[in-house]
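A short write-up of the structure that comes next.
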Amino acid sequence: KAGVTQTPRYLIKTRGQQVTLSCSPISGHRSVSWYQQTPGQGLQFLFEYFSETQRNKGNFPGRFSGRQFSNSRSEMNVSTLELGDSALYLCASSLTTGPGANVLTFGAGSRLTVL
Amino acid sequence: AQTVTQSQPEMSVQEAETVTLSCTYDTSESDYYLFWYKQPPSRQMILVIRQEAYKQQNATENRFSVNFQKAAKSFSLKISDSQLGDAAMYFCAYRGGAQKLVFGQGTRLTINP
Chain W
1 KAGVTQTPRY LIKTRGQQVT LSCSPISGHR SVSWYQQTPG QGLQFLFEYF
51 SETQRNKGNF PGRFSGRQFS NSRSEMNVST LELGDSALYL CASSLTTGPG
101 ANVLTFGAGS RLTVL
Chain F
116 AQTVTQSQPE MSVQEAETVT LSCTYDTSES DYYLFWYKQP PSRQMILVIR
166 QEAYKQQNAT ENRFSVNFQK AAKSFSLKIS DSQLGDAAMY FCAYRGGAQK
216 LVFGQGTRLT INP
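Heads up: the protein sequence lines correspond to chains W and F, in order. In terms of our numbering, the first sequence opens at residue 1 and continues consecutively. In terms of our numbering, the second sequence opens at residue 116 and continues consecutively.
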């Protein structure tokens with residue numbers, strides 16, 4: 001069973017550009033969450049999608065957005081990139097959402113460097 | 116808001132020895148879940164162990180076990196018979212009604228051969 005696949009693994013952008021990251025969840029998983037990991041702020045929740053609907057959103061500016069497609073694949077977009085957006089972006093999938101011990105399975109991440 | 120604190124930025128242990136990583140959390144919720152994740156240099160976050168708050172029995176997964184003290188809001192991870200492959204960043208995480216994971220700052224574990 002394939003795991004969570006994130007593409008691209010590495011990318012370099014310049015300030016002001018925009019970037020789109022992709023996440024393919026484990027087959028059958030319908031919930032996808034995104035996290036940002038930086039040395040200074042640690043791991044922070046960005047948003048969660050379930051059945052193409054955003055269910056939860058973290059404390060990030062509107063430049064950060066996402067969406068989920070009917071096949072549960074998800075994309076996140078960051079517009080007008082800033083140096084502080086340099087981070088490892090982790091995607092995680094789970095069978096469903098809602099209360100319960102739903103286990104999140106993480107992808108290997110996309111390392112974004114903003115110059 | 117819920118917070119998770121890992122007070123040990125770095126820990127080291129001799130191979131085959133036992134090590135305990137500390138984690139405390141703050142919440143007003145009564146129903147929640149706690150997790151320990153491992154992040155090796157490959158960066159992929161791997162679930163080590165999980166604990167449901169309503170269960171009094173401490174979770175165990177092979178060499179990994181937790182000491183869950185609900186009243187003290189403490190959730191430590193014990194690794195027995197440490198192996199070189201256990202070297203990684205370890206993150207304690209909380210998930211309550213908001214469903215998102217709240218992570219601690221992490222503990223870097225080094226295994227000395």
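Built from N, CA and C at the ideal position, the CB exists for glycine as well. Every value quoted in this text rests on a predicted model; they were computed, and no experiment measured them.
Quiz prompt | Close beta carbons around T133 of chain F, own chain, < 8 Å, minus the five adjacent residues each side | solution = Cβ neighbours of T133 of chain F within its own chain (closer than 8 Å, five residues either side excluded): K193, I194, S195, D196, S197.
Self-check item: Span of the beta strand (DSSP E), counted from its first residue to its last, around Q184 of chain F
Solution: From DSSP, the beta strand (DSSP E) with Q184 of chain F extends over 179-184.
Quiz item: If A202 of chain F sits next to I226 of chain F, beta carbons under 8 Å apart, how far is it from one beta carbon to the other, in whole angstroms?
Solution: A Cβ-Cβ separation of about 5 Å places A202 of chain F in contact with I226 of chain F under the 8 Å criterion.
Quiz item: Within this structure, are the beta carbons of L90 of chain W and Q41 of chain W separated by less than 7 Å?
Solution: Result no, Cβ atoms of L90 of chain W and Q41 of chain W do not sit closer than 7 Å.
Quiz item: Going by DSSP, what residues sit across from V134 of chain F in a beta bridge?
Solution: Note: V134 of chain F sits in a beta bridge opposite F:I194.
Exercise. Mind checking who Q18 of chain W pairs with in its DSSP beta bridge?
Key: Paired residue(s): none; Q18 of chain W is not in a bridge.
Quiz item: Between which two residues does the beta strand (DSSP E) carrying R55 of chain W extend?
Solution: Note, R55 of chain W: beta strand (DSSP E), 53-57.
Quiz item: Going straight from the alpha carbon of G66 of chain W to that of F50 of chain W, what length do you get?
Solution: In this model, G66 of chain W and F50 of chain W are separated by some 12 Å (Cα to Cα).
Quiz item: So, are the CB atoms of F190 of chain F and F179 of chain F less than 7 Å apart?
Solution: Their beta carbons are not under 7 Å apart, which means F190 of chain F does not touch F179 of chain F by this criterion.
Exercise. Check whether the stretch 164-174 of chain F touches the stretch 122-133 of chain F, taking contact to mean three or more Cβ pairs, one atom from each stretch, closer than 8 Å.
Key: As far as the Cβ criterion goes, the stretch 164-174 of chain F does not touch the stretch 122-133 of chain F, which means the pair count is below three.
Practice problem: Name the residue from W:Q44, W:S70, W:N71 whose alpha carbon lies nearest to the alpha carbon of N59 of chain W. | Solution: Checked all of W:Q44, W:S70, W:N71; the closest Cα to N59 of chain W is W:Q44.
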